[in-house]
Amino acid sequence: MKITKFEFEDLRTKWHLEEASFDPFNLLVGVSGVGKTKILEALRRVCRLATEGDYGPGHVEWLIEFEESGLHYRWEGNTEPVTGDIFPVDTNNSSSMEDVGRPTEIAREKIALDDHTIIIDRTQETFKFQGDNVPKLKKAVSAIVLLESEEQIAPIQRGFNRLLFSAALELNVHAFESYSLQQIEKRVDEYRHLQGSRDGFDTFRNILAAAGLSVLSRYIPLAAYYLQETFTDEFAVLRDSFLSIFPSVRDVKVHRTSKPRLGSGVQLELNIQEEGTDAWIPQSEMSSGMLRVLLHLIELSLAPSGSVIIIDEFENSLGKNCMPQLTDFIMSRAPDLQFFITSHHPYVINKIPIDTWKLVQRRGGRVRVVSARDIPALQAASHHDAFDRLLNLPEFEEGIA
Amino acid sequence: MSLYLLVEGDCTEPRIYRAWIEHTFPGLTAADRVDRIGPSSYFIFRGNGYPSCLRRIGNALADIRDHARVDHFFVCVDAEERSYDERIAEVQAALEEQARQTGVLSTVPHLTCHVIVQHCCIETWLLGHARMLRRNPESTRLVEMKAFHDVSTDDPEQMGRPTGYLTRASFHLTYLQEMLREQGKSYTKKNPGVVLEPNYLQALRQRCASTGHLASLQRLFTAWDGVVPANAAG
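Structure below.
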């Protein structure tokens, strides 16, 4: 999937992202508070609406254009609060942007293919799929979820399943799951059979991504375990990348433990081994920077071609010793993946070409995204660092008004 | 004879230049600080990227003027997305201006300054070891890269980037990693591995000499050959 345009409004908070165009690689820059993270959150809300049947995005309006399997789609619509709301929310005191649980229903929804074929045309009164009326279906659920089995809709949902919101910034990877050893081994056997096929690794990555294993932090050790046990060459590349960033580390593995209290279950945990000792260090004792680098590497290694990788403030917890290599790793995957990354860090901003920057600005509740290609001052020749030039832009300094 | 190198990168370049200097000038020892640069030593200072590196030229020359005995000062930077001539001109202009401002040549008249531009990055040079690219690569990725530009027969400096790669340097790095991986070797910015070995440097010298490829690397070799006794050439 490749997102080309996005517009979003939270009609409750009056937060409005104006229609913005996006490229294969997008580095969102702008002063703190301008709304970079909210743009990513808005993408997540639209993505959840397209993939989950029991998700309410709140009172919103959206428009998203994207390419999937060589076709160009435009999906737009809005929701309305259900009348007679029995869970009234105090909108003045609600701190979250998202009204989780607040009942809404789809008031309007339209999906167009290649600008001329209308696949879905839905209002509160009518619901047409390829021009034909559809029986009344759940009003709270998007047409993409309701009709996910239809061949015209399935690729759209597959596309939204390729939006991978990085879990590397969440610290709850420490949460342990108990897995059935038998089930895990059965899967390992299945995935090993993929090794011989031409696109076996991408098929493997697609399976994990569809199950959400590579981006749900609690499942990352499981996904990494499958990689370690099946595609050993690819796991070795991941391990080498990690070792090159942290030369004091000798080895990385996903450790499987059986504990009596788990019965027949097993636990999986990321482990590293430092030079000069045989002891393995569990993930719970790794430095947060090391753990985050490892999680980023796992996610990026497991993301299938065509995924959209969304990383908020990717430099968090990362020292100067790991940022260059991780940035290189991200850039090496740019041909296969779309990226939405926010950053404040001079190293990251200097390293990533100016043409990929998207400068975010806000006037009250209206947020604009301007491509650096459209900012003349950034296109002129200069001896200054790119980051210094960004800081000197009036568009940056006056990012919020 | 003593050398002072101001290199753009923080990570890879210091390691590679250090190894290559030790192969080329076995009589030189590394100085750990500028006031310890002696008559047979070399010193490498990290420039923290470009154009930050340019701002450090003045301080480096002032250090040479006040604290060090240096015969040759090298500024080593990537061309990146600029043309080779543009980048040479930028660095040369900064160097001349800073030499004038610091007055270093009045105090150290024997000092010779050199501008080395890695065109477009140091990995471009490293792609020049023709025997490292297999005739029939196995990985689909490397097959595609070789079809895009066969670095074993065509000049790596002339290689652009396929659609999707953000920069030429990012593609050249990925190509180098894939090429070495098929040889069972790994290359990372922190652990350049095999490229530090004397045979690798020798293969690059041969490539420059026999094909005329990698002209920007040849400029480094020419500069080094001019400052080193003939029997110590690497």
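Just so you know, the protein sequences line up as chains Y and W, in that order. For what it's worth, the numbering used here labels the leading residue of the first sequence as -10, then goes sequentially. For what it's worth, the numbering used here labels the leading residue of the second sequence as 21, then goes sequentially. Yeah, the Cβ is synthetic: ideal placement off N, Cα and C, and Gly gets one too.
Cross-chain neighbours of residue i in chain Y, by beta carbon under 8 Å
i, result
"W/P71", "H372, H373, D374"
"W/P182", "P324"
"W/L74", "H372"
"W/S190", "D317, M320, S321, A323"
Within chain Y, the residues that residue i reaches when beta carbons sit closer than 9 Å
i, result
"W/Y185", "M320, S321, A323, P324"
"W/N211", "D229, L232, S233, P236"
Three-state secondary structure assigned by DSSP to residue i
i, result
"Y/L0", "coil"
"Y/R322", "coil"
"W/K210", "coil"
"Y/G59", "coil"
"Y/P335", "helix"
"Y/N82", "The pLDDT assigned to Y/N82 is 48, lower than 50, so where the model puts this residue is not dependable; a value taken from the coordinates is nonetheless given after this. Coil, per DSSP."
"Y/S167", "coil"
"Y/D88", "At Y/D88, the pLDDT of 49 sits below 50, so the modelled position is not reliable; the number obtained from the coordinates is stated separately. Y/D88 falls in the coil class under three-state DSSP."
"Y/A96", "strand"
"Y/A101", "strand"
"W/S61", "strand"
"W/N79", "helix"
"W/V247", "helix"
"W/A229", "helix"
"Y/L382", "coil"
"Y/V429", "In the structure as shown, chain Y starts at -10 and stops at 390, and residue 429 of chain Y therefore has no counterpart that could be examined."
"Y/L136", "coil"
"Y/I145", "helix"
"W/A66", "Per the sequence presented here, residue 66 of chain W reads as Arg, with Ala not at that position. W/R66 falls in the strand class under three-state DSSP."
"Y/F154", "strand"
"W/I36", "helix"
"W/V128", "coil"
"Y/V49", "strand"
"Y/I341", "coil"
"Y/A225", "helix"
"Y/G22", "coil"
"Y/H373", "coil"
Per DSSP, cross-strand counterpart(s) of residue i
i, result
"Y/S10", "Y/K(-6)"
"Y/Q327", "Y/V297"
"W/E106", "Answer by DSSP bridge pairing: none, since W/E106 is not bridged."
"W/C96", "W/V27, W/I136"
"Y/H5", "Y/E(-2), Y/R355"
"Y/R245", "Y/L257"
"Y/V238", "Y/E263"
"Y/Q350", "Y/R357"
"Y/L16", "Y/I330, Y/W346"
"Y/V71", "Partner(s): none; Y/V71 has no beta bridge."
"Y/I107", "Y/A101"
"Y/K117", "Y/D110, Y/N122"
"Y/P271", "Y/N260"
"W/T49", "W/S61"
"W/G204", "Answer is none; W/G204 lacks a bridge partner."
"Y/E54", "Y/K(-6), Y/R63"
"Y/I389", "Y/R351"
Cross-chain neighbours of residue i in chain W, by beta carbon under 8 Å
i, result
"Y/P313", "D30, C31, K209"
"Y/D12", "Going along chain W, no residue has its Cβ under 8 Å from Y/D12, so there is no contact; the nearest lies around 10 Å."
Any chain B beta carbon closer than 7 Å to residue i
i, result
"W/D98", "Of the protein chains in this structure, namely Y and W, none is chain B."
Any non-hydrogen atom of the ligand COA closer than 6 Å to residue i Cβ
i, result
"Y/G388", "As far as ligands go, the structure on display features none, and thus does not contain the ligand COA."
Closer than 7 Å between beta carbons: that is the criterion. Which residues of the region 234 to 246 of chain Y meet it against chain W? Going along the region 234 to 246 of chain Y in chain order, one finds I234, P236 with a Cβ nearer than 7 Å to chain W.
For the region 193 to 206 of chain W, which residues have a beta carbon sitting closer than 7 Å to at least one beta carbon of chain Y? Result list: L193, T194, S206.
Under 9 Å, CB to CB, which of the residues in the region 336 to 347 of chain Y have a partner in chain W? Answer set for the region 336 to 347 of chain Y: Y336, N339, K340, I341, P342, D344, T345.
Listed from N- to C-terminal order along the chain, which residues in the region 92 to 117 of chain W have their beta-carbon within a distance smaller than 7 Å of any beta-carbon of chain Y? Listed by position along the chain: nothing, the set is empty.
Quick one: which unbroken alpha helix (DSSP H) runs of 4-plus residues sit fully inside the region 167 to 215 of chain Y? Chain order, please. If we require 4 residues or more, the alpha helix (DSSP H) runs fully inside the region 167 to 215 of chain Y come out as 170 to 181, 189 to 199.
Continuous alpha helix (DSSP H) assignments of at least 4 residues falling wholly in the region 138 to 196 of chain W: Fully contained in the region 138 to 196 of chain W are the following alpha helix (DSSP H) runs of length 4 or more, in chain order: 142 to 146, 160 to 168.
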